[in-house]
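In terms of our numbering, the sequence shown opens at residue 4 and continues consecutively. Worksheet for the structure shown next.
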Amino acid sequence: MKDNFNVETKVADLLNPTLKVMGYRLVRVRMAGSQNKTMQVMAERVDEVNMTVEDCALISREVSNILDVANPVEDAYSLEISSPGIDRPLVCPSDYDRYSGFDAKIEMVNTINGQKRFKGQLLGMKNNLVRICIEEGTAELPFEDIRRAKLTLSDEMFLVATKSAEG
Numbered sequence: 004m005k006d007n008f009n010v011e012t013k014v015a016d017l018l019n020p021t022l023k024v025m026g027y028r029l030v031r032v033r034m035a036g037s038q039n040k041t042m043q044v045m046a047e048r049v050d051e052v053n054m055t056v057e058d059c060a061l062i063s064r065e066v067s068n069i070l071d072v073a074n075p076v077e078d079a080y081s082l083e084i085s086s087p088g089i090d091r092p093l094v095c096p097s098d099y100d101r102y103s104g105f106d107a108k109i110e111m112v113n114t115i116n117g118q119k120r121f122k123g124q125l126l127g128m129k130n131n132l133v134r135i136c137i138e139e140g141t142a143e144l145p146f147e148d149i150r151r152a153k154l155t156l157s158d159e160m161f162l163v164a165t166k167s168a169e170g
């Protein structure tokens, strides 16, 4: 697992500058599988327009070229390019402000007030704390202690995604 994290970090560092110049933001790099490895590269457009198949193909060509030269992974792997989708992961502080008002699931590294998992409506960031409205009130979660977080499908999210897809 730690080896995957090191590879993912190295690959993200390699890809970020090129994707940024191309007008994309790297959302996540993830290595999956043990026998048949897959490198999943998730990106989005910085102009917040929905990703197209052409965007993914363009990114795939550039990423393939970069990885062929740098060769950060010793074993054979398949490359998979995708966009975040409706239940996107939340990976940087700006995501929590951008998706304030939407439902999310957050899993913490450490227990906070007796729990590690939180589900509720995002209220944005304040002083490096992710604020989320849960059943018991408002929880403030240290950003650096978040293991993983993602939006959850809700009626509101579905309506926003549908309107966005229609243009």
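For every residue, glycine included, the Cβ atom is placed at its ideal position computed from N, Cα and C. The structure displayed is predicted, hence computed values, not measured ones.
- prompt: To which residues does DSSP link Ile69 through a beta bridge?
  reply: Here the question's residue 69 lines up with position 66 in the sequence shown. In DSSP, Ile69 forms no bridge with anything.
message: Measuring only from the beta carbon, is Val14 closer than 7 Å to any heavy atom that is part of the ligand GDP?
response: Because no ligand of any kind appears in the structure shown, any question about the ligand GDP cannot be addressed here.
field: Where Val14 falls: helix, strand or coil (DSSP)
entry: By 1-based counting over the sequence shown, the position of residue 14 is 11. The three-state secondary structure of Val14, taken from DSSP, is helix.
query: Would DSSP call Arg91 helix, strand or coil?
result: Taking the sequence shown and counting its residues from 1, the one referred to as residue 91 is at position 88. It is coil, neither helix nor strand.
query: Exposed or buried, which one is Arg91 when buried takes at least 16 other CB atoms within 10 Å?
result: Residue mapping note: residue 91 aligns to position 88 of the sequence shown, counting from 1. The residue is buried, with at least 16 neighbouring Cβ atoms inside 10 Å.
- prompt: When the Cα of Asp78 is compared with those of Thr141, Lys119, Glu139 and Gln38, which residue comes out closest?
  reply: Residue mapping note: residue 78 aligns to position 75 of the sequence shown, counting from 1. The shortest C-alpha separation from Asp78 is found at Gln38.
Status (buried if at least 16 other CB within 10 Å, exposed otherwise) for Ile84: On the sequence shown, position 81 is the one that residue 84 refers to. Looking at its Cβ environment, which holds 16 or more other Cβ atoms inside 10 Å, Ile84 is buried.
- request: Would you list the residues sitting across from Ile62 in a DSSP beta bridge?
  value: Indexing the sequence shown from 1 puts residue 62 at position 59. DSSP lists no partner for Ile62.
- prompt: Does the region 85-104 come within contact of the region 61-77, defined as at least 3 CB pairs closer than 8 Å?
  reply: no
- prompt: Rounded to a whole number of angstroms, what is the C-alpha to C-alpha distance between Gly140 and Lys129?
  reply: Here residue 140 corresponds to residue number 137 of the sequence shown, with the count starting at 1. Here residue 129 corresponds to residue number 126 of the sequence shown, with the count starting at 1. Taking the straight line joining both Cα atoms gives about 16 Å.
Nearest-angstrom beta carbon gap, Glu143 and Arg134 [assumed within contact, 8 Å]: What you label residue 134 is simply residue 131 of the sequence shown in a count that begins at 1. What you label residue 143 is simply residue 140 of the sequence shown in a count that begins at 1. That belief holds up - the Cβ atoms of Arg134 and Glu143 are roughly 6 Å apart, short of 8 Å.
field: For Ala152, three-class secondary structure by DSSP
entry: Taking the sequence shown and counting its residues from 1, the one referred to as residue 152 is at position 149. In the structure shown, Ala152 sits in a strand (DSSP, three-state: E or B).
- prompt: Going along the chain, which residues of its own chain have a beta-carbon closer than 6 Å to the beta-carbon of Val14, five neighbours each way excluded?
  reply: Locating residue 14 in the sequence shown gives position 11, counting from the first residue. Correct list, in chain order: Val32 and Pro75.
message: On a Cα-Cα basis, can you pick out the residue from Val72, Leu70, Ser81 and Phe121 that is closest to Gly36?
response: Indexing the sequence shown from 1 puts residue 36 at position 33. Of the candidates Val72, Leu70, Ser81 and Phe121, the one whose C-alpha sits nearest the C-alpha of Gly36 is Ser81.
task: Could you tell me the distance, in whole angstroms, from the CA atom of Leu154 to the CA atom of Phe146?
output: Here residue 154 corresponds to residue number 151 of the sequence shown, with the count starting at 1. Here residue 146 corresponds to residue number 143 of the sequence shown, with the count starting at 1. Looking at the two C-alpha atoms, the distance is approximately 16 Å.
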